[in-house]
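The structure appears below as C-alpha cells.
Residue numbers (the working numbering): 20 to 285.
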C-alpha cells in the first residue's frame with residue numbers, strides 16, 4: 020500500500036492536478052478581492068457574497084464550485100488509470116506475479132484512489148483557507164441556522180465538508196476502477212468515468228427522472244448543508260455514505276468478476 024501511494028503521489032500528473040485544484044480557491048479569492056463591485060446576495064456560487072466579510076468562506080465556496088466538474092475530473096483520471104494504466108505500460112503481469120494475487124491488487128489500487136479523493140478535497144479546502152486568511156478579514160462565522168461559531172469550530176466544519184465530499188467521490192472511484200479492468204487503454208477508462216459523472220449529474224437535474232434521483236451516485240454530492248447548521252444533523256452524511264457504499268460494493272463486485280477471470284497479457 021505504501022508503495023502504491025508513493026507511486027501515485029510521485030507522479031507529475033498527480034501534482035499538476037492538485038495544483039490545478041488549489042488554483043480554484045485562489046482564483047475565486049483574487050476575483051472577489053479585485054472586483055470593484057460587491058457581490059450581490061444570491062449571485063454566483065453559494066457563500067460567494069460572504070467572502071468579503073469573512074475569508075473562511077473561500078474554502079467552502081471553492082469546494083462547491085469544484086464538486087460538479089473539477090473534482091470528478093481528477094478522480095476519473097486517477098481511478099481510470101488504476102488497472103488500465105498498468106496494462107498499458109506492460110507492468111500488470113509483473114504485479115500479478117506476487118503471491119498476494121489479484122484481489123489484493125484491486126484493494127490496494129482502490130485504497131490509493133480513495134486516498135487521492137481525500138487529498139484532492141483537502142487541497143481545495145486548505146488553499147481556500149490560506150487565500151481567505153491572506154486577502155480577507157477572518158472572524159466568527161454565521162451558520163445557515165443563524166447561530167454563530169468561532170474560528171476554530173468553523174475550521175472543523177470546513178474539514179467535515181471536505182470529508183463529506185471525499186466520501187461522495189468514493190463511489191465514482193469504484194466505478195472508475197471497475198471500468199479500468201475492462202480495457203488496456205487508460206484514456207478510455209478515464210473518459211468513460213468522467214462521462215458517467217456528467218450523465219449522473221444531468222439525470223439528477225431532470226424532474227422527469229425524479230424516481231431515479233435517490234439512486235444516482237451524485238445525488239448527495241452537494242448535500243452538506245446540514246454540516247453548516249447548529250446542531251449538526253448527520254442524516255445527509257449517513258445517507259450519502261450508505262449510497263456510496265452501495266456503489267463501492269456493486270462496482271467492486273463487477274471489477275472482481277472481470278479482473279479475476281481476465282487473461283492478462285500486458
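Heads up, the beta-carbon is just placed ideally off N, CA and C, and yes, glycines get one too. Computed from a prediction, not measured in an experiment: that's the story for all the values here.
Going by beta carbon distance, what residues of the same chain come within less than 8 angstroms of residue i, once the five residues before and after it are set aside?
| i | result |
| --- | --- |
| residue 33 | 27, 97, 135 |
| residue 66 | 76, 79, 80, 83 |
| residue 271 | 125, 129, 193, 196, 197 |
| residue 260 | 186 |
Looking only at its chain, what residues have a beta carbon closer than 6 angstroms to the beta carbon of residue i, apart from the 5 residues adjacent to it on each side?
| i | result |
| --- | --- |
| residue 85 | 43, 143 |
| residue 181 | 140, 141, 144 |
| residue 37 | 142 |
| residue 167 | 159, 161 |
| residue 107 | 203, 205 |
| residue 226 | none |
| residue 164 | 248, 249 |
| residue 19 | There is no way to answer for residue 19, as the model of the chain reaches only from 20 to 285. |
Considering only C-alpha positions, which residue in the set the options is nearest to residue i?
| i | options | result |
| --- | --- | --- |
| residue 52 | 150, 82, 228, 217 | 150 |
| residue 99 | 205, 254, 256 | 205 |
| residue 160 | 175, 104, 154 | 175 |
| residue 257 | 169, 179, 79, 120 | 179 |
| residue 152 | 260, 31, 48, 279 | 48 |
| residue 63 | 80, 31, 92, 231 | 80 |
| residue 89 | 217, 67, 200, 73 | 217 |
| residue 39 | 92, 224, 75, 199 | 92 |
| residue 11 | 225, 120, 173 | The question about residue 11 has no answer, for the chain in this structure spans 20 to 285. |
| residue 200 | 54, 50, 67, 111 | 111 |
| residue 154 | 224, 54, 210, 35 | 54 |
| residue 172 | 230, 210, 224, 75 | 75 |
| residue 276 | 73, 259, 231, 122 | 122 |
Does the beta-carbon distance from residue i to residue j come in below 8 angstroms?
| i | j | result |
| --- | --- | --- |
| residue 183 | residue 246 | yes |
| residue 94 | residue 139 | yes |
| residue 77 | residue 241 | no |
| residue 228 | residue 222 | yes |
| residue 220 | residue 87 | yes |
| residue 127 | residue 23 | yes |
| residue 103 | residue 202 | yes |
| residue 286 | residue 125 | Residue 286 is absent from the structure shown; the chain starts at 20 and stops at 285. |
| residue 146 | residue 70 | no |
| residue 3 | residue 254 | There is simply no residue 3 to check, as the chain begins at 20 and stops at 285 in what is shown. |
| residue 148 | residue 177 | yes |
| residue 186 | residue 170 | no |
Tell me which same chain residues have a C-beta within less than 7 angstroms of the C-beta of residue i, skipping the five on either side of it?
| i | result |
| --- | --- |
| residue 130 | 20 |
| residue 133 | 189, 192 |
| residue 251 | 245 |
| residue 137 | 185 |
| residue 198 | 99, 208, 211, 212 |
Given 7 angstroms as the limit, tell me if residue i has its C-beta closer than that to any heavy atom belonging to the ligand MG.
| i | result |
| --- | --- |
| residue 258 | This structure lacks the ligand MG; in fact it carries no ligand of any kind. |
Handout entry: Meets three-Cβ-pair contact criterion under 8 angstroms: the region 262-274 and the region 230-240
Key = Look at the beta carbons and you see the region 262-274 touching the region 230-240: at least three pairs across the two are nearer than 8 angstroms.
Report the start-end ranges of each alpha helix (DSSP H) in the region 93-147 that is 4 residues or longer and not cut off at the edges. As far as the region 93-147 is concerned, its whole alpha helix (DSSP H) runs of at least 4 residues are 103-108, 111-114.
What residue ranges within the region 192-278 form continuous beta strand (DSSP E) runs of no fewer than 3 residues, ordered along the chain? Complete beta strand (DSSP E) runs here, min 3: none at all.
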